[in-house]
Every structure is written in structure tokens, then in C-alpha cells.
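Colleague:
In this note's numbering, the protein residues as written are 1 to 117.
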């Protein structure tokens, strides 16, 4: 059953992003920022953690999951010190950032991407 929740919630997050791009005049980068910030705000209000407990990677992998990781790390780091609040988010999200950069570089080497414009 957890696979179903993962698929449904992760898919719903992606559908929300697609609807924002199709229905509004928001560009893709603005939708990206909106989703990341919404994940951070929801975590700050302690509303995103129950979603992560239910959907696992379905809530962690999409863009709000990145905001969730940053906010959660900052909140945990803030318990130690002010510097921990600043560096906590980076520590919490560093694994995902590293994987995204490494895979992006590898795919760029293999497929020779071209700009749309």
C-alpha cells in the first residue's frame, strides 16, 4: 500500500506543478521556486512531515521535498546554534544536491544537450 501512496502523492505534487505552468502565466523557474518554498513553509508549520511519513519518497523526491529537507535541517541545526541554523539546511540537502549535479553532468556528457532558445 505504501507504493500506492508514494505514487499518488508524488504524482499529485507533479500535477500541481504542471497545472501551475499550464493555467497560469508562471514560467518553469517560478513554479520551481514556488514549490521549493511551499515545501519549506509547510515543514516550518510541521505539515509536511506527516506527508513524508505517509508517502516516503513520493513526498521527498519532488521539488517541495527539497524545501522540506532544507527547512528540516535548518530547524535541527537551530537547536545547536545560530551557525547550525544556517548550515543545517545545506548539510541536510547536500546528498541530493551532489547526486543531481553528478547525474546532470553525466547525462550532459552522454546526450549533448542543446538550449531551446
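A virtual CB, placed ideally from N, CA and C, is assigned to each residue, including glycine.
1. Please report the distance separating the alpha-carbon of residue 63 from that of residue 55.
2. In whole angstroms, give me the CA-to-CA distance for residue 78 and residue 85.
3. Would you tell me roughly how many angstroms separate the C-alpha atoms of residue 106 and residue 93, rounded to the nearest one?
4. Which whole-angstrom value describes the C-beta separation of residue 3 and residue 39, a residue pair presumed to lie in contact below a C-beta threshold of 8 Å?
5. Taking residue 73 as the reference, give the member of 24, 91, 82 and 58 with the closest Cα.
6. Any chance the region 18-33 sits against the region 41-58, with 3 or more Cβ pairs inside 8 Å?
7. I think residue 61 touches residue 10, with their Cβ atoms under 8 Å apart; what is that distance to the nearest whole Å?
8. With a 10 Å radius around its C-beta and 16 neighbouring C-beta atoms as the bar for buried, classify residue 100 as buried or exposed.
Modeller: In this structure, then:
1. Locating residue 63 in the chain shown gives position 63, where the first residue counts as 1. Locating residue 55 in the chain shown gives position 55, where the first residue counts as 1. Residue 63 and residue 55: Cα-Cα distance of roughly 14 Å.
2. As a first step, residue 78 is located in the chain shown; it is residue number 78 there, counting from the start. As a first step, residue 85 is located in the chain shown; it is residue number 85 there, counting from the start. Whole-angstrom Cα-Cα distance: 4 Å.
3. By 1-based counting over the chain shown, the position of residue 106 is 106. By 1-based counting over the chain shown, the position of residue 93 is 93. In a straight line, the C-alpha of residue 106 is about 20 Å away from that of residue 93.
4. Walking along the chain shown from the start, residue 3 turns up at place 3. Walking along the chain shown from the start, residue 39 turns up at place 39. Rounded, the Cβ-Cβ distance is 22 Å, inconsistent with contact.
5. If you number the chain shown from 1, residue 73 lands on position 73. Closest option to residue 73, Cα to Cα, is 91.
6. no
7. As a position in the chain shown, residue 61 is number 61, starting the count at 1. As a position in the chain shown, residue 10 is number 10, starting the count at 1. Contact holds; Cβ gap of about 6 Å.
8. Position 100 of the chain shown, counting from 1, holds the residue named residue 100. Exposed, because fewer than 16 other Cβ atoms sit within 10 Å of the Cβ of residue 100.
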